[in-house]
Amino acid sequence: QVQLVESGGGVVQAGGSLRLSCTASGSFFNIHTMGWYRQAPGKERELVAELRWSAGTTNYADYVKGRFTISRDNAKNTLYLQMNNMKPEDTAVYYCHTYLGGKGVDYWGQGTQVTVSS
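Heads up, the working numbering is the position in the sequence shown plus 26, with the first residue counted as 1.
As structure tokens, then:
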């Protein structure tokens, strides 16, 4: 079982920055990817950024490229999302996600609200 706990959400003005954190605990082996998704009201959940664990490579949605950066701290079992030059359309609930290989299991955090005011 894996627990993911997000923090760092809040309200920020357009052009501002926030950093989200996701701390993982429990038994996690064979991590394939860890990443961030978001869901705005009335919309489907969408990928923001993900990190392929073994290779260390990253993948970003086009609408955040150049503004958001995903990173990790292995010692703290923590994943980060640095969000810069934020826009009102970035307003959403942001979820931490991990996919474990082997059994092919997904885990999600509880989500953290991010609101960008214009």
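All C-beta atoms in this analysis are idealised placements derived from N, C-alpha and C, irrespective of residue type, glycine included.
Remember, it's a predicted structure, so these values are computed and weren't measured experimentally.
Among the options, which has the Cα closest to the Cα of residue i?
i           : options              : result
residue 28  : 100, 135, 93 and 141 : 135
residue 49  : 103, 63 and 73       : 103
residue 42  : 109, 57 and 129      : 109
residue 111 : 90, 127 and 51       : 90
Kindly identify the DSSP beta-bridge partner or partners of residue i.
i           : result
residue 83  : 78
residue 159 : Here the chain has residues from 27 to 144 only, and residue 159 is not among them.
Quick one: give me the first and last residue of the beta strand (DSSP E) that residue i is part of.
i           : result
residue 52  : 44-52
residue 136 : No beta strand (DSSP E) contains residue 136, which DSSP labels as neither H nor E.
residue 28  : 28-33
residue 118 : 118-126
residue 60  : 57-65
Exposed or buried, which one is residue i when buried takes at least 16 other CB atoms within 10 Å?
i           : result
residue 55  : exposed
residue 142 : buried
residue 132 : exposed
residue 64  : buried
residue 140 : buried
residue 32  : buried
residue 92  : exposed
Write down the C-beta distance between residue i and residue j rounded to the nearest angstrom, noting that I regard them as a contact closer than 8 Å.
i           : j           : result
residue 45  : residue 126 : Residue 45 to residue 126, Cβ: 25 Å. No contact.
residue 87  : residue 73  : 6 Å
residue 138 : residue 30  : No, residue 138 and residue 30 are not in contact; Cβ-Cβ is about 11 Å, not under 8 Å.
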